[in-house]
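Plus 193 on top of the position in the sequence shown (first one is 1) and you've got this note's numbering.
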Amino acid sequence: MNTVTGLSTVTGRFLLSLMFISAGIGKLGAGYEATQGYMSMMGVPTSLLPLVIATEILGGLAILFGFKTRIAAFLLAGFTVIAAAIFHNNFADQMQSILFMKDLAIAGGLLLLVANGAGNLAIDNIK
Numbered sequence: 194m195n196t197v198t199g200l201s202t203v204t205g206r207f208l209l210s211l212m213f214i215s216a217g218i219g220k221l222g223a224g225y226e227a228t229q230g231y232m233s234m235m236g237v238p239t240s241l242l243p244l245v246i247a248t249e250i251l252g253g254l255a256i257l258f259g260f261k262t263r264i265a266a267f268l269l270a271g272f273t274v275i276a277a278a279i280f281h282n283n284f285a286d287q288m289q290s291i292l293f294m295k296d297l298a299i300a301g302g303l304l305l306l307v308a309n310g311a312g313n314l315a316i317d318n319i320k
């Protein structure tokens with residue numbers, strides 16, 4: 194793997210993971226109640242919130258460090274598509290349509306990790 198490919202892969206993993214890690218951490222503390230309210234408003238059981246937070250933080254960290262990358266990316270891609278379908282399905286609202294498409298793009302990036310792996314700079318490649 195050449196330098197550009199290696200740096201692109203690790204940078205891509207960093208950028209993808211940053212969104213999930215920061216979203217999960219943001220739901221802790223004061224953001225917890227606000228997220229529960231939004232979930233409730235959308236008909237999602239608020240009891241799922243700890244699982245959502247764990248998925249975002251742990252999945253994001255797995256992508257960041259390249260640990261079980263293909264599995265983590267596959268699960269996060271599914272999580273992202275499901276979240277898009279639940280929370281951004283009002284296509285009459287242009288912002289919701291944009292957020293839906295953004296989530297699909299993120300899922301696409303994650304699926305590229307499923308297909309290609311984490312690259313050389315990853316825990317997955319320690320022997």
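Glycine is no exception: its CB is placed at the ideal position from the N, C-alpha and C atoms.
Buried versus exposed call for A285 [16 or more other C-beta atoms within 10 Å across all chains shown]: exposed
Integer Cβ distance of G310 from T262, believed to fall under 8 Å: 6 Å
Inter-stretch contact (C-beta, 8 Å, three-pair minimum) for the region 224-232 and the region 241-249: yes
Whole-angstrom distance between S290 and G253, CA atom to CA atom: 24 Å
Identity of the residue in S201, G205, F260 and Y225 nearest I299 by Cα: G205
Residue environment, I256, which counts as buried when at least 16 other CB atoms sit within 10 Å: buried
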